[in-house]
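Remarks on the structure that follows.
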Amino acid sequence: MRIRSTAKGDGRLDYNAISQLEHLRIENTVKANRKMLEELFEDSSDIVIREFQIEHGPKALMFFVDGMVTSSMVDEAMQALMVFEGGAFTIDAICEQTLPVGQTLQVQFYSELLVNVLSGDCGLFVEGGKTAVCLGLRGGERRSITEPETETVVRGPREGFNERLRTNTALVRSRIKSPRLKMKPFVIGTETNTNVVVTYMAGIANRKLVEEVERRLNAIDIDGILESGYIEELIQDQVMSPFPQIQNTERPDTVAAAVLEGRVAILVDGTPFALIAPFGFWQWLHASEDYYERFIVATLTRMLRMVCLFIALMAPAIYIAVSTFHPEMIPTNLLLSIAASREAIPFPAVVEALIMELSFEALREAGVRLPKTVGQAVSILGALVVGQAAVQAGIVSAAMVIVVSMTGIASFTLPRYNAAIAIRLLRFPLMLLASIFGLLGIILGVVAIVSHLSKITSFGVPYVAPASPISASDWKDVIFRAPWSKMKRRPAYLYPQDRTRQK
-2 MRIRSTAKGD GRLDYNAISQ LEHLRIENTV KANRKMLEEL FEDSSDIVIR
48 EFQIEHGPKA LMFFVDGMVT SSMVDEAMQA LMVFEGGAFT IDAICEQTLP
98 VGQTLQVQFY SELLVNVLSG DCGLFVEGGK TAVCLGLRGG ERRSITEPET
148 ETVVRGPREG FNERLRTNTA LVRSRIKSPR LKMKPFVIGT ETNTNVVVTY
198 MAGIANRKLV EEVERRLNAI DIDGILESGY IEELIQDQVM SPFPQIQNTE
248 RPDTVAAAVL EGRVAILVDG TPFALIAPFG FWQWLHASED YYERFIVATL
298 TRMLRMVCLF IALMAPAIYI AVSTFHPEMI PTNLLLSIAA SREAIPFPAV
348 VEALIMELSF EALREAGVRL PKTVGQAVSI LGALVVGQAA VQAGIVSAAM
398 VIVVSMTGIA SFTLPRYNAA IAIRLLRFPL MLLASIFGLL GIILGVVAIV
448 SHLSKITSFG VPYVAPASPI SASDWKDVIF RAPWSKMKRR PAYLYPQDRT
498 RQK
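End of the sequence shown sits at 500 in the working numbering; the numbers just go up one at a time, nothing left out.
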């Protein structure tokens, strides 16, 4: 955006976003720069502006955000400047000879300076210089590296991302020690100016995929990005689809594995959740632990997840359809047991199911929102007490409680939380279709879901690939996981530049 007006009637700067200062140059006097900063950061108690004298030299000024820099390193930098000797007082000489700082960046415009300083750097002005220096002194209190809470494993790394971007990029870089691992920076959000990094493997990732990710990020025009979920919704292919088209993860090893396959990852400052694209249906069943256990165990686990996916989506709907329209499909003894349990129930099966499903979802949401010390206890006790009380009161049958409980347990087996949410949402329309049309309604619902899955894409990659379009060579890592010795090539449906994984 272009700056509309450089000054108000009283001479003060008028701007709406840092991007509007992209043509406003750094002044060559400390006094003018200090006035500009004080005007920009009026009523900002966390901004520190420190003017001082370089020994035997000109005036200088440092400014930084309190709490976002390492105070001891700021003190060392100021000490080095205040005992400066030798008579060379240019910006270049100070950067090359005096400052005990590993990272320095000279900038000419206020937009560059403010983005860096508000991200944690320290700004330095020197009298007579037409550039400012950004000193890499980022620090402050941040959450330490801990085990991911949403993707725990029995076997595998225990490190998870935190809210600091450079920590997250370092965690990925420590796993892929190759110069081909690229990390391209972006700044998104006119007000938040959030730092974003796109990471991929040069020579492996499809160049068109990388360019498409970059194009969609550059097209974002919003005031703030506070979490990677903002970006996920803004760059996905089909916004109205209930299915996630971009994977989110807290695990550095998952990101490393994805970029080695030829995918692209997006790391966002301020959140521990990274994004991975493309993302498809079969990745719902994949967990990072599948690649650390033996292939037989991983294959059996994936098959179990597939069965649980079927149960989580259709178990209540099948119970409603069979008990209401097709009782002849139920064994006689079981049918008599179900009929006896439903004898005093005043509601049809669909109302029973809706009551129990909504209660279960409410308890699950309450367990997430409550403090951890009481959340699990409330969820478990609530489910037991409410279920037992509902059965004794004759509101729902014992069979329905069992079906809903099995459905809830099955939904927890999916490794991808956002995929499990989609299944939970689709369960309700299937139940309504089953209550109206019976098994025919379930078939119609499943056909509609499969049809929708076959139409959507993730960054141009078919969502159900490699099943459609079929790619036989890629079925070694879909439902079944072949031994590592057999998986010698990267997925063809990603169109990587280099398909060879191992020779």
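Where is the CB? At the ideal position from N, CA and C, for every residue including glycine.
Can you tell me the Cα-Cα spacing of E188 and T26, whole angstroms?
Locating residue 188 in the sequence shown gives position 191, counting from the first residue. Locating residue 26 in the sequence shown gives position 29, counting from the first residue. E188 and T26: Cα-Cα distance of roughly 28 Å.
Which of the three DSSP states is assigned to N245 in this structure?
To locate residue 245, count along the sequence shown from 1; it is residue 248. Strand, per DSSP.
Any chance you could list the beta strand (DSSP E) runs of at least 3 consecutive residues sitting entirely within the stretch 127 to 188, in chain order?
Segments of the beta strand (DSSP E) lying fully in the stretch 127 to 188: 129 to 132 and 178 to 185.
Please work out which residues of its chain come closer than 8 Å, Cβ to Cβ, to I342, disregarding the five sequence neighbours upstream and downstream, and give them in chain order.
Reading the sequence shown from its first residue, position 345 is the one you call residue 342. Hits under 8 Å: E349, G391, I392, V393 and S394.
In the stretch 231 to 307, which residue ranges form an unbroken beta strand (DSSP E) of at least 3 residues, counting only runs that do not cross its ends?
List check, beta strand (DSSP E) in window: 244 to 246, 261 to 265 and 271 to 274.
With DSSP as the reference, identify every bridge partner of A57, one or two as the case may be.
One-based indexing of the sequence shown puts residue 57 at position 60. DSSP, once it has assigned bridges, lists F49 and V123 as partnering A57.
Using 8 Å as the threshold, is the C-beta distance between T261 and I228 below it?
The residue you call residue 261 lines up with position 264 of the sequence shown. The residue you call residue 228 lines up with position 231 of the sequence shown. At residue 261 the sequence reads Val, which differs from the Thr that was named. It is not a contact, given that the beta carbons lie outside the stated cut-off.
Taking just the CA atoms, how far does L351 sit from I406?
For the purposes of this step, residue 406 is taken as residue 409 along the sequence shown, with counting starting at 1. For the purposes of this step, residue 351 is taken as residue 354 along the sequence shown, with counting starting at 1. Whole-angstrom Cα-Cα distance: 17 Å.
Buried or exposed for V169, please, with buried defined as at least 16 other CB atoms from any protein chain shown within 10 angstroms of its CB.
Here residue 169 corresponds to residue number 172 of the sequence shown, with the count starting at 1. Burial call: buried.
So, at 7 Å on beta carbons, what are the nonlocal neighbours of S470 in its own chain, with the 5 sequence-adjacent residues on each side left out?
What you label residue 470 is simply residue 473 of the sequence shown in a count that begins at 1. Here the set comprises R486 and A489.
Within its chain, find whatever has a CB closer than 7 Å to the CB of E160; leave out the 5 residues flanking it on each side and keep chain order.
Position 163 of the sequence shown holds residue 160. Hits under 7 Å: R139, R140, G267, T268 and P269.
Hey, could you find the ends of the beta strand (DSSP E) Y197 is sitting in?
For the purposes of this step, residue 197 is taken as residue 200 along the sequence shown, with counting starting at 1. Y197 -> beta strand (DSSP E) spans T191 to M198.
Among A253, G186 and T321, which residue has its Cα nearest to the Cα of S16?
Position 19 of the sequence shown, counted from the start, is the residue given in the question as residue 16. Among A253, G186 and T321, the Cα nearest to that of S16 belongs to G186.
Would you mind sorting A387 into buried or exposed? The rule is 16 or more other CB atoms within 10 Å of its CB.
Here residue 387 is taken as the residue at index 390 of the sequence shown, counted from 1. Per the 10 Å Cβ criterion, buried.
Can you give the Cα-Cα distance for V162 and A253, rounded to whole angstroms?
Working through the sequence shown from its first residue, we reach residue 162 at position 165. Working through the sequence shown from its first residue, we reach residue 253 at position 256. Per the sequence shown, residue 162 should be read as Leu rather than Val. Taking the straight line joining both Cα atoms gives about 16 Å.
Rounding to the nearest angstrom, what Cα-Cα distance links P324 and T410 in this structure?
Here residue 324 corresponds to residue number 327 of the sequence shown, with the count starting at 1. Here residue 410 corresponds to residue number 413 of the sequence shown, with the count starting at 1. Taking the straight line joining both Cα atoms gives about 30 Å.
For my contact list, V45 and C92 are in at a C-beta cut-off of 8 Å; report their separation, rounded to the angstrom.
The sequence position of residue 45 within the sequence shown is 48, counting from 1. The sequence position of residue 92 within the sequence shown is 95, counting from 1. With a Cβ gap of about 21 Å, V45 and C92 do not count as contacting.
Where does P324 fall in DSSP's three states?
By 1-based counting over the sequence shown, the position of residue 324 is 327. In the structure shown, P324 sits in a helix (DSSP, three-state: H, G or I).
Does the distance from the C-beta atom of R478 to that of Q244 stay below 8 Å?
By 1-based counting over the sequence shown, the position of residue 478 is 481. By 1-based counting over the sequence shown, the position of residue 244 is 247. Going by C-beta atoms, R478 is not nearer than 8 Å to Q244.
How would you call E35, buried or exposed, if buried means at least 16 neighbouring beta carbons within 10 angstroms?
Along the sequence shown, read from residue 1 onward, the residue named residue 35 stands at position 38. It counts as exposed.
Using a Cβ-Cβ cut-off of 8 Å, state whether T164 counts as contacting chain C.
This model lacks chain C altogether, as it is built from one protein chain only.
Going by alpha carbons, who is nearest to V447 out of R177, F278, G153 and D218?
Counting from 1 along the sequence shown, the entry for residue 447 is found at position 450. It is F278.
Buried or exposed for L422, please, with buried defined as at least 16 other CB atoms from any protein chain shown within 10 angstroms of its CB.
What you label residue 422 is simply residue 425 of the sequence shown in a count that begins at 1. Per the 10 Å Cβ criterion, exposed.
Any idea what DSSP makes of V393, helix, strand or coil?
Counting from 1 along the sequence shown, the entry for residue 393 is found at position 396. If DSSP states are grouped into helix, strand and coil, V393 belongs with coil.
Regarding P154 and the ligand SAH, is the C-beta to nearest heavy atom distance less than 7 Å?
Within the structure as shown, the ligand SAH is missing, as the structure has no ligands at all.
Report all residues from its chain with a CB closer than 8 Å to the CB of L231; omit the five preceding and five following residues, and keep chain order.
Taking the first residue of the sequence shown as position 1, residue 231 is located at position 234. Correct list, in chain order: R213, I217 and I219.
Quick test of your reading: P313 and V210, contact by CB under 8 Å. State the CB separation rounded to the nearest angstrom.
Mapped onto the sequence shown, residue 313 falls at position 316. Mapped onto the sequence shown, residue 210 falls at position 213. Not a contact, Cβ separation roughly 39 Å.
Per DSSP, which residues does F106 bridge with? Please list them.
The sequence position of residue 106 within the sequence shown is 109, counting from 1. F106 is bridged to R22.
Assuming the contact rule is C-beta atoms closer than 8 Å, S225 and L272 should be a hit. Round their C-beta distance to whole Å, please.
On the sequence shown, position 228 is the one that residue 225 refers to. On the sequence shown, position 275 is the one that residue 272 refers to. Yes, S225 and L272 are in contact; Cβ-Cβ is about 5 Å, under 8 Å.
What does the alpha-carbon distance come out to for the pair A199 and R177?
Counted from its first residue, the sequence shown places residue 199 at position 202. Counted from its first residue, the sequence shown places residue 177 at position 180. Cα to Cα, the separation comes out at about 5 Å.
Can you find the residues in the same chain that come closer than 8 Å, C-beta to C-beta, to I335, ignoring five residues on each side of it along the sequence?
Here residue 335 refers to the residue found at position 338 of the sequence shown. Counting only Cβ-Cβ distances below 8 Å, and skipping sequence neighbours, we find S320, I327, S394 and A396.
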